[in-house]
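Read through the structure below, which is laid out as C-alpha cells, and then see the notes.
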Amino acid sequence: MNLQELMKQYLQEEGYCPKDTDFGLDFKCEGRTYVFIYDGDDEQYFRLMMPNIYDVTDENRDAVLVALNKTNTTVKVVKAYTPIPQAVWIGFEVLVDSTPVLSDFIPRAISMLRTAQQTFYEALQEG
C-alpha cells in the first residue's frame, strides 16, 4: 500500500471524509481544510498542507513576508510560504520510513499547522 492509500485509510478510520482532488487528498478538521499531497516519486516524503490561510496583495506583501519569516523561525517542522503568489499556505513536511504509523504523528502535524497559523496571524498583527 502506498503512502496516499495509507493516508486515505487512516483518515477514513479516524472519521474524516477525504476527497481525491487534483492536489491530493482534501479533508476537513475543526472547520479547516487540509490537503495531503502525495509524491509518487518519493514514497517517504509526507506533506500535509493547510492551504489558503491568508490572501496576499500588493498592499500587504511586505507584512506577509515578515510574518512568514517569523513563523518559519518560531514553529518547528512547518514551512509557511506562498506557493501561489496570492495566498499563504502552511506545510508540515517530514520523511517517513517504509511502514509509517500515521497515528503517531498526524494529530501532532495538525496541531503544529494550527500553531503556525496562529503564529502567522499574531506576527501580522504585531506589524
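Residue 135 in this note's numbering sits at position 79 of the sequence shown; the count goes up by one each step and never skips.
The beta carbon of each residue, even a glycine, is placed where N, CA and C say it ideally should be.
Predicted model only: the values in this text are computed from it and were never measured.
Limits of the unbroken alpha helix (DSSP H) element including residue i
| i | result |
| --- | --- |
| TYR66 | 59-69 |
Identity of the residues DSSP links to residue i by a beta bridge
| i | result |
| --- | --- |
| LEU180 | LEU180 pairs with nothing; no bridge assigned. |
| THR89 | LYS84 |
| ASP76 | LEU81 |
CB contact flag (residue i, residue j, <7 Å)
| i | j | result |
| --- | --- | --- |
| TYR66 | PHE83 | no |
| THR171 | VAL131 | yes |
| ALA119 | THR127 | no |
| VAL144 | MET168 | no |
| VAL122 | THR138 | no |
Distance cut-off 6 Å: residue i Cβ against heavy atoms of the ligand FAD
| i | result |
| --- | --- |
| PRO156 | The model depicted lacks the ligand FAD and carries no ligand whatsoever. |
is_contact[residue i, chain D] using C-beta, thresh 7 Å
| i | result |
| --- | --- |
| ARG170 | The structure shown contains no chain D; it holds only a single protein chain. |
Runs of alpha helix (DSSP H) wholly within the region 96-169 (minimum 4 residues, chain order)
The qualifying runs are 117-130.
key: At least 3 beta-carbon pairs within less than 8 Å: the region 96-115 vs the region 147-163   = yes
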